[in-house]
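Reviewing the structure listed below.
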Amino acid sequence: MEKLGFYRDTWAEIDLDAITSNVSSMKTHLGSHVKLIAVVKANAYGHGDVQVAKAAIETGAEQLAVAFLDEAISLRHAGITVPILVMGASRQTDVKIALEYDLALTVFSLKWLKEAVNQEEAKDKRVSIHLKVDTGMGRLGIREEQEFKDVLQFIRESTFFNLEGVYTHFATADELDTHYFEEQLHKFTLFVKNIDIEKIMIHCANSATGLRFPENVFNAVRFGISMYGLAPSLEIINQLPFQLKEAFSLHSKLVHVKRIPKGAKVSYGATYVADEDQWIGTLPIGYADGWIRRLRESEVLVDGKRVPIIGRICMDQLMIKLPNEKAIGTKVTLIGSQDKEKITVDEVASRLDTINYEVPCIITSRVPRVFLRNQGVVEVRNELLRGSFK
Numbered sequence: 008m009e010k011l012g013f014y015r016d017t018w019a020e021i022d023l024d025a026i027t028s029n030v031s032s033m034k035t036h037l038g039s040h041v042k043l044i045a046v047v048k049a050n051a052y053g054h055g056d057v058q059v060a061k062a063a064i065e066t067g068a069e070q071l072a073v074a075f076l077d078e079a080i081s082l083r084h085a086g087i088t089v090p091i092l093v094m095g096a097s098r099q100t101d102v103k104i105a106l107e108y109d110l111a112l113t114v115f116s117l118k119w120l121k122e123a124v125n126q127e128e129a130k131d132k133r134v135s136i137h138l139k140v141d142t143g144m145g146r147l148g149i150r151e152e153q154e155f156k157d158v159l160q161f162i163r164e165s166t167f168f169n170l171e172g173v174y175t176h177f178a179t180a181d182e183l184d185t186h187y188f189e190e191q192l193h194k195f196t197l198f199v200k201n202i203d204i205e206k207i208m209i210h211c212a213n214s215a216t217g218l219r220f221p222e223n224v225f226n227a228v229r230f231g232i233s234m235y236g237l238a239p240s241l242e243i244i245n246q247l248p249f250q251l252k253e254a255f256s257l258h259s260k261l262v263h264v265k266r267i268p269k270g271a272k273v274s275y276g277a278t279y280v281a282d283e284d285q286w287i288g289t290l291p292i293g294y295a296d297g298w299i300r301r302l303r304e305s306e307v308l309v310d311g312k313r314v315p316i317i318g319r320i321c322m323d324q325l326m327i328k329l330p331n332e333k334a335i336g337t338k339v340t341l342i343g344s345q346d347k348e349k350i351t352v353d354e355v356a357s358r359l360d361t362i363n364y365e366v367p368c369i370i371t372s373r374v375p376r377v378f379l380r381n382q383g384v385v386e387v388r389n390e391l392l393r394g395s396f397k
């Protein structure tokens, strides 16, 4: 793998064609009157923010969204020039940073606005903001209608703020029971009933809402989890209007193969005892890479067949039980396809008793990301070597 810019036999592959396919399908599904905001927070859910952002923009995404200023600034340093919304809380003292990098901030209280005005340094510049309404998620947002009106009035009277958007976030849009979703939607509709939708972005829709309820998205959608080819939840997986293409896969190679006798023990704690003579292989991936110890006794793919992980997963290595002797360098797939067999992100999430969002996010930055187009490598990102290789 040296020629690809990394020196270990473990890597993640990001299929940028899958990203563009999902974005294109979503835009067709929503119609040309709806803007698509590509959500690339948390390093694009572990996929690679710059590369995913560029692929989404090339396919028609008009804007990006991140969680924190640092993520947005990183994208600017990478040459990304489209509008970027920071959805998390920013300090009032950092409005000058938002101005410097041309970033839109989320505002969720009148108090924040009044304190932010005191940071004004340039009379001829206006900070772009999106108002966040808390309709029932209970995180950030304005809950009371009167405060919302006061905030709008304060913005109208100020020369420092440019109201670019108003939004909320649904807590249960990915569930079959839509009662709470409908309650939140009704509350949000009341908040924005007097907002000029021709001038202001109104966005309440995440992936689940955009996929299931396109008639309720107003004029913009925040496309997050499903841009990466993952369903917002297994509960609604059969309600999707088009087929999602999973972009993330994870691979390694056998670095050592040995035959052990019946009764031999494997890994820390000697918890695995061979019940017969058997072949085992060692992979250079472990819990420091995000393949955590809870995944012991799960499966990987070798030559298109499922084989079990045995013993405790180590920090940097794990062992698998092989059906027969395999050559050093044999490719092993932990997430993805080999021949007709596949291990999905959803399957790994189920093993971990979590959601698919978490799985690519926990694969750490020391695992190189290999970006593919037309099944060929176009770029490799190796955070340990602090660089990209093309």
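Position 258 of the sequence shown, counting from 1, maps to 265 under this note's numbering, and the rest follow consecutively. Cβ coordinates follow ideal geometry from the N, Cα and C atoms, glycine included.
- Apart from sequence neighbours up to five positions away, the residues of its chain that approach CYS368 with a beta-carbon distance below 7 Å are ALA49, TYR52 and GLY53, ordered along the chain.
- DSSP places TRP298 in the coil class of the three-state scheme, outside both helix and strand.
- Where ALA85 is concerned, there is no enclosing beta strand (DSSP E), because DSSP gives it neither an H nor an E.
- Residue range 348-350 is occupied by the beta strand (DSSP E) that includes GLU348.
- Here the alpha carbons of SER256 and ILE299 stand approximately 16 Å from one another.
- Secondary structure at LYS48: helix, using DSSP grouped into helix, strand and coil.
- A direct Cα-Cα distance of roughly 14 Å separates ASP22 from PRO375.
- Residue pairing by DSSP puts VAL134 in a beta bridge opposite PHE168.
- When the five nearest sequence neighbours on each side are left out, the beta carbons in the same chain lying within less than 7 Å of the beta carbon of GLN126 are those of GLN99, THR100, VAL102 and LYS103, in order along the chain.
- When Cβ pairs closer than 8 Å are counted between the two stretches, the segment 266-286 is seen not to touch the segment 239-256, the count staying below three.
- Inclusion of TYR187 and GLY143 in the CB contact set at 8 Å is warranted, their separation being smaller than that value.
- For SER395, the enclosing beta strand (DSSP E) starts and ends at 394-396.
- Taking 3 residues as the minimum length, the beta strand (DSSP E) runs contained wholly in the segment 158-237 are 168-174, 208-210 and 227-230, in order along the chain.
- Just so you know, the alpha carbons of SER81 and THR113 end up roughly 18 Å apart.
- Counting along the chain, SER32 sits inside the alpha helix (DSSP H) bounded by residues 23-37.
- DSSP places PHE155 within a helical segment (H, G or I) once states are collapsed to three.
- At a cut-off of 4 residues, the continuous stretches assigned as alpha helix (DSSP H) that sit fully inside the segment 289-374 are 352-358 and 365-369.
- Shown here, THR100 sits in a helix according to DSSP, grouped into three states.
- Within the DSSP secondary-structure output, TYR279 pairs in a beta bridge with VAL273.
- Taking ARG388 as reference, the option from GLY55, ARG150 and ILE26 with the minimal CA-CA separation is GLY55.
- Cβ neighbours of GLY236 within its own chain (closer than 7 Å, five residues either side excluded): ALA25, ASN29, LEU251, LYS252, GLU253 and ALA254.
- CA-to-CA, the gap between ILE207 and ASN223 works out to about 16 Å.
- For LYS252, there is no enclosing alpha helix (DSSP H), since its DSSP letter is neither H nor E.
- Listed in chain order, the non-local C-beta contacts of LYS328 below 7 Å within the same chain comprise GLN285, ILE287, VAL314, PRO315 and ILE317, local neighbours out to five positions each way being set aside.
- Taking a cut-off of 8 Å on C-beta distances, the segment 148-166 does not touch the segment 178-193, as fewer than three cross pairs fall below it.
- When DSSP reads this structure, THR113 sits in a beta bridge with HIS137.
- Here HIS137 is buried, its C-beta having at least 16 other C-beta atoms within 10 Å.
- Taking a cut-off of 8 Å for Cβ pairs, the segment 68-88 and the segment 239-246 do not touch, as fewer than three such pairs fall below it.
- TYR108 has its alpha-carbon roughly 11 Å from the corresponding atom of SER135.
- Distance from the CA of SER214 to the CA of ILE232, rounded to the nearest whole angstrom, comes to 6 Å.
- Among the bridge pairs identified by DSSP, VAL93 is matched with VAL73 and LEU112.
- DSSP links TRP18 through a beta bridge to HIS258.
- In this model, LYS347 and LYS139 are separated by some 45 Å (Cα to Cα).
- Per DSSP, reduced to three states, the secondary structure at GLU386 is strand.
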